[in-house]
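Counting from 1, position 240 in the sequence shown corresponds to residue 255 in the numbering used here; the numbering is continuous, with no gaps.
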Amino acid sequence: EGNVALHWAAFTGSLEVAEALLQKMNGRDLDVVNLHRDTPLHVACRQGKWNVAGLLLERGADGQLENESDPPETPESLAVALRAPKLILDKLSWSKKRVSNRINLIHAKLADDISRGHERIPIRVINEVDREWSPPDDFNYVSNIYESGESSHNIERRLDLMNACSCADDCSSSCLCCETDHRGGAYQNGRLTDDFEWGSACEVIVECSPACKCDANCQNRVVQKGMQIRVELFMSVNRGWAVRCLQRIPKGTYICEYAGEILTSDMADARDDDTYLFEIESDGHNHCIDAGKFGNISRFINHHCEPNLSPVKVLWDHADRRYPHICFFAKRDIPKGEELTFDYGDKFWEIKGRQFTCKCQASSCRYNDERIEEFLESREQLENELPSSEASE
Numbered sequence: 016e017g018n019v020a021l022h023w024a025a026f027t028g029s030l031e032v033a034e035a036l037l038q039k040m041n042g043r044d045l046d047v048v049n050l051h052r053d054t055p056l057h058v059a060c061r062q063g064k065w066n067v068a069g070l071l072l073e074r075g076a077d078g079q080l081e082n083e084s085d086p087p088e089t090p091e092s093l094a095v096a097l098r099a100p101k102l103i104l105d106k107l108s109w110s111k112k113r114v115s116n117r118i119n120l121i122h123a124k125l126a127d128d129i130s131r132g133h134e135r136i137p138i139r140v141i142n143e144v145d146r147e148w149s150p151p152d153d154f155n156y157v158s159n160i161y162e163s164g165e166s167s168h169n170i171e172r173r174l175d176l177m178n179a180c181s182c183a184d185d186c187s188s189s190c191l192c193c194e195t196d197h198r199g200g201a202y203q204n205g206r207l208t209d210d211f212e213w214g215s216a217c218e219v220i221v222e223c224s225p226a227c228k229c230d231a232n233c234q235n236r237v238v239q240k241g242m243q244i245r246v247e248l249f250m251s252v253n254r255g256w257a258v259r260c261l262q263r264i265p266k267g268t269y270i271c272e273y274a275g276e277i278l279t280s281d282m283a284d285a286r287d288d289d290t291y292l293f294e295i296e297s298d299g300h301n302h303c304i305d306a307g308k309f310g311n312i313s314r315f316i317n318h319h320c321e322p323n324l325s326p327v328k329v330l331w332d333h334a335d336r337r338y339p340h341i342c343f344f345a346k347r348d349i350p351k352g353e354e355l356t357f358d359y360g361d362k363f364w365e366i367k368g369r370q371f372t373c374k375c376q377a378s379s380c381r382y383n384d385e386r387i388e389e390f391l392e393s394r395e396q397l398e399n400e401l402p403s404s405e406a407s408e
């Protein structure tokens, strides 16, 4: 009958198999049809496999496609007939709205995947604001830290210096790596624990490394698995390019790494454009990551004074605490469609606040048109009060 593997996953209700297939398909052929013009979503709704139906709808499956039955059936009509859960019916209703806007979306879509295959999940580019009909392409997409030939940072990557747990399968709270910086580990069910202490002063998370004996499904391997959350790059009304999520994100979920070129502080000071510099102080060492020429989706994440993301230092592929990966995690539950943001910090606005102001519109905004002068004056006063050696740092 022309069924493919995704049809059978929908028929049996195997969520795990469906997720694996969708990941491999990279968003393509989601509405593939069999000889009866049934899509996998048709099959899931006919069989009452609502877990798979929900997954397909989250990934963008069309709930309004008709098959060749007499009369024709849509996934929505099948779900209504079987009295599907309200959540599924709501998602199908949203699918109907998406179909009605499909023509506009086609015209607004600039690229199917700005990462060009560097990420596990494609990242499309949408512009529904103006007529800048080209995706940003003035950088090279990289999915992790990039070391150029301009300088040598001598990152210590020797395996014998790394933690090496001897856990047989899935690491427990007594794992050597889990106990290194966080008692009992920083992760639970693939996310940061509820009692994780946010802030720049938080310790480095040490994930299990290539030297460990545990398997790839170890609970202490999260960031190293890459991006798992569906996001898109879109043109905002007043802040240029921005990033939003295409699914609900629970608190503590890993989003992405701040990828870019590693620079010494002197090299960073010599750069003409400091727009995408992320300054890092770790283990008494200072350096920067510049996402200007080499970067990933994180370079487009905007500032917000009440952000939903926070950067966390993570190690897994080496033991050099001077050069941790800077990884963004959700600070709270984030609803589908919300823009992703993080706090750029006072140092950024001390420099950029004379060129533009913050547009986040948060009630606690410190850098908007009304408060930027007060902020700059306070920073200048603070600098004048510091000893000359500290003020120059």
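Think of the CB as a built atom: it goes at the ideal place given N, C-alpha and C, for glycine as much as any other residue.
Along the chain, where does the alpha helix (DSSP H) that runs through residue i open and close?
{"i": "alanine 283", "result": "280-285"}
{"i": "aspartate 361", "result": "361-367"}
{"i": "methionine 40", "result": "30-40"}
{"i": "arginine 259", "result": "Counting along the chain, arginine 259 falls outside any alpha helix (DSSP H), though it belongs to the beta strand (DSSP E) covering 256-260."}
{"i": "leucine 21", "result": "20-27"}
{"i": "alanine 126", "result": "First-last for alanine 126: 124-126, but that is the beta strand (DSSP E), not the alpha helix (DSSP H)."}
{"i": "glutamate 73", "result": "65-73"}
{"i": "glutamate 91", "result": "90-96"}
Can you give the beta carbon distance from residue i to residue j, rounded, assuming they're within the 8 Å contact cut?
{"i": "cysteine 260", "j": "valine 246", "result": "5 Å"}
{"i": "lysine 127", "j": "arginine 139", "result": "Inspection of the sequence shows that residue 127 is occupied by aspartate rather than by lysine. The Cβ separation is near 6 Å, so the contact holds."}
{"i": "histidine 57", "j": "leucine 93", "result": "7 Å"}
{"i": "serine 297", "j": "proline 339", "result": "5 Å"}
{"i": "arginine 381", "j": "phenylalanine 371", "result": "Not quite, the Cβ-Cβ distance comes to about 14 Å (not below 8 Å), so this is no contact."}
{"i": "glycine 310", "j": "phenylalanine 154", "result": "5 Å"}
{"i": "serine 224", "j": "asparagine 178", "result": "6 Å"}
{"i": "isoleucine 341", "j": "glutamate 272", "result": "7 Å"}
{"i": "leucine 36", "j": "alanine 20", "result": "6 Å"}
{"i": "valine 67", "j": "alanine 24", "result": "6 Å"}
Tell me which residues share the same chain as residue i and place their Cβ nearer than 7 Å to its Cβ, disregarding the 5 neighbours each side in the sequence.
{"i": "valine 210", "result": "A small correction: the amino acid at residue 210 is aspartate; valine does not occupy that position in the sequence shown. The answer is none, since no qualifying residue turns up."}
{"i": "lysine 351", "result": "Cys260, Leu261, Gln262 and Arg263"}
{"i": "isoleucine 3", "result": "Nothing about residue 3 can be read from this structure; the chain reaches only from 16 to 408."}
{"i": "arginine 131", "result": "Tyr156"}
{"i": "alanine 257", "result": "Phe249, Ser251, Phe315, Asn317 and Glu354"}
{"i": "glutamate 395", "result": "none"}
Less than 6 Å between C-beta atoms, sequence neighbours within five positions excluded: which residues of the same chain meet that for residue i?
{"i": "aspartate 284", "result": "none"}
{"i": "glutamate 294", "result": "Cys303"}
{"i": "leucine 125", "result": "Val140, Asn142 and Pro150"}
{"i": "proline 90", "result": "Leu56, His57, Cys60 and Gly78"}
{"i": "isoleucine 118", "result": "With a pLDDT of 46 at isoleucine 118, under the threshold of 50, the modelled position of this residue cannot be trusted, and the question is left open."}
{"i": "lysine 266", "result": "Ala345, Arg347 and Asp348"}
{"i": "lysine 374", "result": "Asn253 and Arg254"}
{"i": "proline 87", "result": "Glu81"}
Report the option in the options whose CA atom is closest to the CA atom of residue i.
{"i": "histidine 330", "options": "Ile170, Lys346 and Leu21", "result": "Before going on, a small fix: residue 330 reads as leucine here, not histidine. Comparing Cα-Cα distances from leucine 330 to each of Ile170, Lys346 and Leu21, the minimum goes to Ile170."}
{"i": "aspartate 105", "options": "Trp65, Ala257 and Asn253", "result": "Trp65"}
{"i": "arginine 254", "options": "Gly132, Asp145 and Leu36", "result": "Asp145"}
{"i": "glycine 15", "options": "Cys180, Cys182 and Met242", "result": "No information on residue 15 is available, as it lies outside the stretch 16 to 408 that the chain covers here."}
{"i": "glutamate 162", "options": "Leu70, Ala274 and Asp53", "result": "Ala274"}
{"i": "glutamine 239", "options": "Ile349, Gly69, Lys328 and Glu34", "result": "Lys328"}
{"i": "threonine 279", "options": "Ser108, Asp44, Ile349 and Arg337", "result": "Arg337"}
{"i": "glutamine 376", "options": "Arg369, Arg386 and Lys367", "result": "Arg386"}
{"i": "aspartate 281", "options": "Pro265, Asn301 and Lys266", "result": "Asn301"}
{"i": "arginine 74", "options": "Lys362, Asp53 and Glu34", "result": "Glu34"}
{"i": "aspartate 85", "options": "Ala76, Val95, Asp53 and Asp332", "result": "Asp53"}
{"i": "asparagine 232", "options": "Lys39, Gln203 and Glu218", "result": "Gln203"}
{"i": "asparagine 235", "options": "Thr268, Cys192, Gly214 and Thr27", "result": "Cys192"}
{"i": "lysine 367", "options": "Leu80, Asp384 and Val95", "result": "Asp384"}
{"i": "arginine 172", "options": "Ala183, Thr27 and Ala226", "result": "Ala226"}
{"i": "leucine 71", "options": "Glu212, Phe26, Thr208 and Asp175", "result": "Phe26"}
{"i": "leucine 176", "options": "Met40, Glu218 and Ala334", "result": "Ala334"}
{"i": "aspartate 152", "options": "Ile312, Glu365, Ser378 and Cys373", "result": "Ile312"}
{"i": "threonine 268", "options": "Gly307, Lys308 and Ala201", "result": "Ala201"}
{"i": "glutamate 47", "options": "Val95, Phe363, Val221 and Ala76", "result": "Note on identity: in this sequence residue 47 is valine, with glutamate being the wrong assignment. The shortest C-alpha separation from valine 47 is found at Ala76."}
{"i": "glycine 69", "options": "Glu83, Leu107, Ala96 and Ala24", "result": "Leu107"}
Quick one: give me the first and last residue of the beta strand (DSSP E) that residue i is part of.
{"i": "glutamate 340", "result": "Here residue 340 is histidine; the residue named in the question, glutamate, does not match the sequence. Start and end: 340-345."}
{"i": "glycine 310", "result": "300-310"}
{"i": "glutamate 395", "result": "It is not in any beta strand (DSSP E) - glutamate 395 instead sits in the alpha helix (DSSP H) that spans 387-400."}
{"i": "serine 297", "result": "292-297"}
{"i": "serine 325", "result": "324-330"}
{"i": "valine 58", "result": "No beta strand (DSSP E) contains valine 58, which is instead part of the alpha helix (DSSP H) from 55-62."}
{"i": "phenylalanine 249", "result": "246-250"}
{"i": "tryptophan 269", "result": "Note that residue 269 is tyrosine in the sequence shown, not tryptophan. Per DSSP, tyrosine 269 belongs to the beta strand (DSSP E) from 269-272."}
7 Å is my cut-off, CB to CB: does residue i come that close to chain B?
{"i": "leucine 330", "result": "In the structure shown, chain B does not exist; there is a single protein chain."}
Please list, in chain order, all residues of the same chain as residue i whose beta carbon is under 8 Å from its beta carbon, the five residues on each side excluded.
{"i": "serine 393", "result": "none"}
{"i": "serine 379", "result": "Cys320 and Glu321"}
Are the stretch 356-368 and the stretch 303-321 touching, with three or more C-beta to C-beta distances below 8 Å? yes
Does the stretch 274-293 come close enough to the stretch 92-108 to have 3 or more Cβ pairs within less than 8 Å? no
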